[in-house]
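Only one structure is covered here, and it is reproduced in the block below.
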Amino acid sequence: MGRRRRQPSSPSAGGEADDDLLREILLRLPPQPPYLLRASLVAKRWRHIATDPNSPRRFRVHHRKPPLLGDFSYEDGRLSFRSTLDLPYRIPPDHFPLQLQHHGREPWTLVDCRHGRVLLINSEMRQVIVWDPLTGDRSLLSPPPAFDDMHTAAVLCAAGEQGHAHGACHSSPFKVVVVDSCEHGDETVVFVSVYASETGVWSDLLSTTLASMGIAVGNRSTLVGKTLRWLLLMSNNILEFDMDRQTLAVIKRPPGVRSDDSAWIIQADDGGVGFSALSCPHCQ
């Protein structure tokens with residue numbers, strides 16, 4: 002009695018399994034752009050998988066946090082970019098041009114950069130610019146009349162779909178939160194309003210009161226979860242704005258955290274709230 006010959010496995014099934022394995026390997030590359038680019042040059046098959054329309058989204062979802070390409074600074078009326086990538090992938094400083102005009106004595110102030118968008122304000126002109134450096138798109142906004150002396154503002158992606166991974170938010174809606182304050186008697190009233198790009202409308206004002214005067218809102222905002230936080234300078238307080246609940250509150254900062262602009266709020270490694278302070282020549 003002859004032995005039964007084993008049927009060969011389907012070539013297509015084996016190829017699909019190998020492709021799935023290769024996709025998993027590519028997902029585990031570091032998130033910086035050069036690594037995926039180099040992998041796509043290995044072979045035609047690698048390039049086909051790396052350039053598949055679904056690959057960038059899966060790559061972002063896997064890494065969750067997009068890589069840092071560089072940082073912006075605004076000095077002497079000029080916005081400049083400093084790349085953090087190594088050569089030959091370093092982005093030149095003039096790669097993201099933005100022409101700004103101001104007709105008064107006060108220049109534009111760079112106050113935020115988050116989810117791929119840059120935010121600048123000009124209190125004298127009462128205008129806000131939301132700029133996407135990668136696409137060049139920019140929106141010029143005018144806050145409600147109550148904001149005659151904007152202290153600061155924040156920008157964030159407003160994408161609501163489940164599983165959205167920030168990193169390619171160029172086509173996603175955004176929100177802008179502007180912050181101002183005024184003194185009323187012996188108290189300081191801090192108030193905010195939110196602009197939604199989906200509707201093109203500013204929200205009603207939300208406010209909270211502090212029983213002291215001479216308080217300023219720090220420029221830097223920190224987003225942890227759905228809550229924005231600012232240090233309140235010259236006080237021992239923190240301003241909290243819950244985006245989901247639409248509530249504005251003032252809480253005490255932990256003991257030992259400085260009340261000047263050398264300290265700032267950060268997101269801790271465990272996803273909670275932390276603090277960092279610049280104490281020359283070290284950052285604590």
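Just so we're aligned, residue 2 is where the sequence shown starts under the numbering used here, counting upward by one. Virtual Cβ for every residue (Gly too), placed ideally from N, Cα, C.
Per DSSP, the bridge partner or partners of residue i
i, result
"Thr-210", "Val-190"
"Arg-59", "Bridge partners of Arg-59: none, in fact."
"Leu-1", "Only positions 2 to 285 of the chain appear in this structure, which leaves residue 1 out of reach."
"Val-43", "DSSP lists no partner for Val-43."
"Phe-82", "Phe-73"
"Cys-170", "For Cys-170, which the question treats as bridged, DSSP gives no partner whatsoever."
"Glu-25", "DSSP lists no partner for Glu-25."
Check: residue i C-beta below 7 angstroms from any heavy atom of the ligand PLP
i, result
"Phe-73", "For the ligand PLP, the structure offers nothing, since it holds no ligand at all."
Proximity of residue i and residue j at Cβ, strictly below 8 angstroms
i, j, result
"Ser-84", "Leu-99", "no"
"Arg-118", "Phe-175", "yes"
"Val-218", "Leu-249", "no"
"Pro-144", "Val-131", "no"
"Phe-242", "Val-202", "no"
"Leu-27", "Ala-44", "no"
"Gln-33", "Leu-86", "yes"
"Phe-73", "Leu-120", "no"
"Leu-23", "Trp-47", "yes"
"Leu-142", "Tyr-196", "yes"
With 16 other Cβ atoms within 10 Å as the buried cut-off, status of residue i
i, result
"Pro-134", "buried"
"Cys-183", "exposed"
"Arg-230", "buried"
"Asn-220", "buried"
"His-185", "exposed"
"Asn-55", "exposed"
"Cys-284", "Low local confidence applies: a pLDDT of 48 at Cys-284 is under 50, so the model's placement there is unreliable, and no value is given."
"His-49", "exposed"
"Lys-66", "exposed"
"Leu-232", "buried"
"Val-180", "buried"
"Ser-124", "buried"
Rounded Cβ spacing between residue i and residue j (contact assumed at less than 8 angstroms)
i, j, result
"Ile-122", "Ala-154", "5 angstroms"
"Gln-211", "Val-191", "Sequence inspection shows Leu at residue 211; the Gln mentioned does not correspond to that position. Right, the Cβ-Cβ distance comes to about 7 angstroms (below 8 angstroms), so this counts as a contact."
"Thr-228", "Met-244", "7 angstroms"
Ordered list of beta strand (DSSP E) runs contained in the stretch 100 to 157, each at least 3 residues: 110 to 115, 118 to 123, 128 to 132, 139 to 142
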